[in-house]
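Heads up: the sequence shown at position 55 corresponds to 41 in this note's numbering, and the numbers run straight through without jumps. Note that beta-carbon positions come from the ideal geometry of N, C-alpha and C, so glycine has one too. Note that the structure is a prediction, hence the values are computed from the model and not measured.
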Amino acid sequence: MKVRTKVWIDNDHGNVIFGTGRLRMLEAIDRLGSMNKAAQELNMSYRALWGRIKSTEERLGTKVLFTKPGGGKGGGSALTPAGKRLLEDYKRLKGRIVKVADQEFQKIFGVKNVHEK
C-alpha cells in the first residue's frame, strides 16, 4: 500500500500553468536544445508541445524559452532564467509535498511509503 501525489499549478480560472508534463517538456528542451527533438522524444507533435509552452508563458506573463529559428541550420531553444527558476521551484515544491504526504501516510496508516525510482 502506498500514497500517490500529483502536483500541478493552476491559475485562478482553473487553467494549468505547470505540472509534471510541462516539467518533462522543459527538461527535454533544456537537455536537447530543440523543441522538435523534445517533441519527438516525448512522442507528441511539435504543435502540441509549442502550444503548451505558449500557454504557460501567457499564464505566467513571462517567457520560459529563448527560441532561435533555423531548424537543423543553427536554430534551437534554451530555457530563460525564468524557465530554469520555474523548473527548480516546481521540483522543490513537489518534493516537499511528497515528503509531507509520505509522513502523513505513515502516521495515519502505519505503513512506510516507498517511492519507485
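Could you tell me the alpha carbon to alpha carbon distance between G37 and G96, rounded to whole angstroms? For this step, residue 37 is matched to residue 51 along the sequence shown. For this step, residue 96 is matched to residue 110 along the sequence shown. In this structure, the CA atom of G37 is about 44 Å from the CA atom of G96.
Output needed for L65: all residues of its chain with C-beta closer than 8 Å, excluding positions within five of it in sequence on either side, in chain order. Taking the first residue of the sequence shown as 1, we reach residue 65 at position 79. If we look at L65 and ignore the five residues flanking it on each side, its Cβ neighbours are L12, I15, D16, V50, L51, F52, L73.
What runs of the beta strand (DSSP E), each 3 residues or longer, lie entirely inside the stretch 24 to 70? 51 to 54, 62 to 65, all fully within the stretch 24 to 70.
So, for K103: in the same chain, excluding its five sequence neighbours on each side, which residues have a beta-carbon less than 6 Å away from its beta-carbon? In the sequence shown, the residue the question calls residue 103 occupies position 117. Confidence in K103 is poor, its pLDDT being 48 and thus under 50, which makes the residue's placement unreliable; the coordinate value appears in the next sentence. Cβ within range, chain order: n/a, list empty.
On a CA-only basis, which of G19, I94, G5 is nearest G60? Give me that one, please. The residue labelled residue 60 in the question sits at position 74 within the sequence shown. Nearest of G19, I94, G5 to G60, Cα basis: G19.
If you run the structure through DSSP and keep just helix, strand and coil, what is D(-4)? One-based indexing of the sequence shown puts residue -4 at position 10. Looking at D(-4) - three-state DSSP - the assignment turns out to be strand.
If we ignore side chains and look at the alpha-carbon of each, how far apart do A68 and K77 end up? Against the sequence shown, residue 68 aligns to sequence position 82. Against the sequence shown, residue 77 aligns to sequence position 91. Answer to the nearest angstrom: the Cα atoms are 14 Å apart.
Closer than 7 Å: D(-2) CB and nearest the ligand ADP heavy atom: This structure simply doesn't include the ligand ADP, nor any ligand for that matter.
Could you name the residues that DSSP lists as bridge partners for F4? Here residue 4 refers to the residue found at position 18 of the sequence shown. Assignment of beta-bridge partners to F4 by DSSP yields I(-5).
Quick one: measure Cβ to Cβ for L28 and R10, integer angstroms, because I've assumed they're closer than 8 Å. Reading the sequence shown from its first residue, position 42 is the one you call residue 28. Reading the sequence shown from its first residue, position 24 is the one you call residue 10. With 8 Å as the limit, L28 and R10 qualify as a contact, their Cβ atoms being about 6 Å apart.
Spatial neighbours of T42 within its chain, please: C-beta separation below 7 Å, excluding the five flanking residues on both sides. Here the question's residue 42 lines up with position 56 in the sequence shown. Cβ within range, chain order: I3, F4, R8, V50.
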